[in-house]
Structure formats: structure tokens, C-alpha cells
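Asks: First residue of the sequence shown: 1, per UniProt numbering; consecutive thereafter. Submitted below is the structure of interest, expressed as C-alpha cells.
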Amino acid sequence: MSVSAASVPSVPRSVRVLGIDTSCDDTGVGIVELLPDGRVNLLANRVWSQTVHARYGGVMPELASREHVERIDEVMGDALREAGLTVSDIDAVAATSGPGLVGALLVGLMYGKGLAQALNVPFHAAHHLEGHIFAAASEGDLRAPFLALVVSGGHTHLFDVPRDGEYVLVGATMDDAAGEAFDKIARLAGLGYPGGPAISEAATRGNPDAVPFKEPLQGQKTFNFSFSGLKTAALLAHRGGATPEDLAASFQQAAVKVLVKTTSRAAHAQGRGTVVVSGGVAANSALREAFNATDLNVVFPGRGLNTDNGAMIALAGAAAIRAGRPASPLDGGATAYAPLANA
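Here it is, written out as C-alpha cells:
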């Protein structure tokens, strides 16, 4: 697939960028080719999704770090084979430096730095949320200004993007991230882990009006999100005898409604006609249908790019090169908390 440039400087020759993401429980390596005219071709995207956490109903940080160490060589080899390249064909390396689980981040970050140093190529430390936003650019020409909703297990953030590379936080969750709420309610209902796909599947067999969830933050003048009240209501409904399918359908309907309503309100307030919706929850079919029913031009990531992956980090690295940003120093560290917003 191909990504169009958005009024950015050209590069003198094609640049093959390898991206690594180990921010949580997915070991991702992707490769893209930045062309001289600014377009980007996606060459490979390989992800190893850890299953060891299912028994705990959530990610165990130490286990995640160990799994990354054990799998990263294999995943990189798979990505190179998919792209038809050898490691010596790589011209630049990007890796997520934050936010995320520090132990997990360090695996990919140190691996990426070591690879860049061994190949004598530039290294770019990438922001995880910027990677998610660039994942949506894989579907075509994405130009600022636009609004971006990053919605996943660890993040529910709403950014205004007035110019390329500039991010203004206009809304965020006040408690749990949306994906975290999906996980917790799926565990409550005995639907398994991860919760997003489990609830989406169970919801097809349930009644979305069976549990009358109240809309969070009704009447707010801001563009924030809250899922704690929905979790409490789900617990009470579960204790009251609601079936797992009805609980899943009703919660999904309530969560989708608040995400779409708040994002649409923010888009109109900011005067943005285009909205990027990315992150793991963006794969939810009900959410996509609801956004597509609005009057907005909504852009979602391509297949395989919703959840954490290395290709989105390679795309973020390619964007940094295209914009003429300098390479990152090799002495930079990983950080659990790294705000993306510039203001």
C-alpha cells in the first residue's frame, strides 16, 4: 500500500526504515520504504501477540519483557523475509521510546539502537501515540489539519493536529482507557481476554438495550471521556443477572456512543472535517459503523495496523526523516509517561 506525502520535503533517494514496537504485550517489527517524492510503501508488518497474559486477565509487565526478549529476533527475521530484504538493506531504524511499560520498551529500544549502531544508520526514537496516528496514514493522503482519536487499552486521547507534527490535546479519559474498560468488563462477564474482540463477538448475540447504561459526563463543555461509571453499572447489572451477551452488547453500545458523540462534538468545535481514529479499539466494527454514519471524513488504520505494531513506528520514523528531523541520540531512555501534545 502507498501513503501520499503531505507538503513535505523530498528525500534524495529511497530510504528503507525498520520500526520496532515493544511498548506493551505485542512484539512488532515493520519495514517501510520512503520514496524520493515523499510517498511511503509498506513492505512488511510482523507482530507476535503474547498469549501468556490471558490467564491473568491483564498484562503482567515482567512476563511481557521476557517474551519480547525471546521473540524479537524471530519477528525481525520474519519482517525482513516478508519485505524480501536483508538486514544490510536497512537505511534507518526507529523504535518506540514511550509511553508504555518501561521494561518492555527497553527491549525494543535497546535492540533498535544496537541495530542502528551496527549498521551505522540513523536511529529515531518514536512516540507511541504518534505511531498510532501515522498508522491511519497508511490508507492514503492524510493532511493537517485534522482531529485524531487514539483509543486503545492504554490510551484514550483526542488531539487536534493544526499542522503536520503539531499536536494539541483537546480531550482525554479521566479514568480508565476505553480498551481497559473493555478488558475489565469482559473479565467480569467471563468472556475472556483480550476484552475488545471478546465483547465485540458476544455483542452480536446480545440485546444492546438490555442494560440501560447512563451516558457519562452528560452536559460537559469539554471533550473528555470517562468509563468508570460504565464499569460500575456493568458490575451491578452482572450481579442483577444480566447475561454476558446482553452485558457486552449494552456496554459496547454505550462506549461507542460516548466515543463518537464526544469526538464529533470536538471536530465541529475545532472546525475539522477529517478525523483519524486509531488504536486497538478502532478495530471494533460497531465503532467504525457509528463513525461512518457521521458527517465526518473518518480515516482508520489499514488491516493489521490498529493494534500495536512495528509498521506504525516505521511510518513515524519515515515521517521524521521526510520532515528533516535530526536522528535521535543513542543515550536517550524509555519512559512510561510521555505526553505527545505540544501545547
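Using N, Cα and C, we set each Cβ at its ideal position, and we do this for glycine too. All values reported here derive from a predicted model rather than from experimental measurement.
Would a C-beta distance cut-off of 8 Å place ALA104 and ALA64 closer than the cut-off?
Replies: Going by C-beta atoms, ALA104 is nearer than 8 Å to ALA64.
Asks: Which same chain residues end up closer than 6 Å to GLY304 when comparing Cβ atoms and leaving out the 5 residues on each side of it in sequence?
Replies: Counting only Cβ-Cβ distances below 6 Å, and skipping sequence neighbours, we find ASN45.
Asks: Three-state secondary structure (DSSP) at ASP78?
Replies: Helix, per DSSP.
Asks: Where does ASP91 fall in DSSP's three states?
Replies: Looking at ASP91 - three-state DSSP - the assignment turns out to be coil, as it is neither helix nor strand.
Asks: Using C-beta distances below 7 Å, list every residue in its chain close to GLY280, excluding the 5 sequence neighbours before and after it, in chain order.
Replies: SER152, GLY153, GLY179, GLY196, ASN306 and THR307.
Asks: Alpha carbon to alpha carbon, what distance is there between HIS268 and ALA336?
Replies: Each residue's alpha carbon lies about 32 Å from the other.
Asks: Please identify the residue among PRO99, GLY77, SER97 and LEU101 whose C-alpha is closest to the C-alpha of ILE90.
Replies: Among PRO99, GLY77, SER97 and LEU101, the Cα nearest to that of ILE90 is on GLY77.
Asks: Per DSSP, what kind of secondary structure is THR274 in: helix, strand or coil?
Replies: It is a strand residue.
Asks: State the start and end residues of the unbroken alpha helix (DSSP H) segment that holds GLU33.
Replies: Premise fails: GLU33 lies in the beta strand (DSSP E), 26 to 34, not in any alpha helix (DSSP H).
Asks: If contacts are defined as beta-carbon pairs under 8 Å, then GLY171 and THR262 qualify, I think. What distance do you get, rounded to the angstrom?
Replies: The pair is a contact, with the Cβ atoms about 7 Å apart (cut-off 8 Å).
Asks: Please go through the same chain and pick out, in chain order, the residues whose beta-carbon is closer than 7 Å to the beta-carbon of LEU115, but skip the five residues on each side of it.
Replies: Hits under 7 Å: VAL93.
Asks: Do VAL276 and VAL299 have their C-beta atoms closer together than 8 Å?
Replies: Cβ atoms of VAL276 and VAL299: closer than 8 Å.
Asks: Can you give me the start and stop residues for the alpha helix (DSSP H) that HIS155 sits inside?
Replies: No alpha helix (DSSP H) contains HIS155, which DSSP labels as neither H nor E.
Asks: With a threshold of 6 Å on Cβ separation, who are the neighbours of ASN297 within its own chain once the five nearest residues in sequence on each side are excluded?
Replies: Counting only Cβ-Cβ distances below 6 Å, and skipping sequence neighbours, we find GLY273 and THR274.
Asks: Quick check on DSSP: helix, strand or coil for GLY317?
Replies: In this structure, GLY317 counts as helix in the three-state DSSP scheme.
Asks: Between ALA181, ALA234, ALA242 and GLN220, which has its C-alpha nearest ARG265's C-alpha?
Replies: The residue with the shortest Cα to Cα distance from ARG265 is GLN220.
Asks: Measuring alpha carbon to alpha carbon, tell me which residue in GLU201, LEU18, PHE134 and ASP25 is nearest THR86.
Replies: It is LEU18 whose Cα lies nearest to the Cα of THR86.
Asks: Judging by CA-CA distance, which residue of GLU215, LEU236 and LEU247 is the nearest neighbour of ARG205?
Replies: Nearest of GLU215, LEU236 and LEU247 to ARG205, Cα basis: LEU247.
Asks: Looking at the secondary structure, which residues open and close the beta strand (DSSP E) in which PHE123 lies?
Replies: Where PHE123 is concerned, the enclosing beta strand (DSSP E) stretches over 123 to 127.
Asks: Identify the continuous beta strand (DSSP E) that holds ALA44 and give its terminal residues.
Replies: Residues 40 to 49.
Asks: Hey, would you say LEU230 sits closer than 8 Å to ALA181, going by beta carbons?
Replies: A contact, by the Cβ cut-off of 8 Å.
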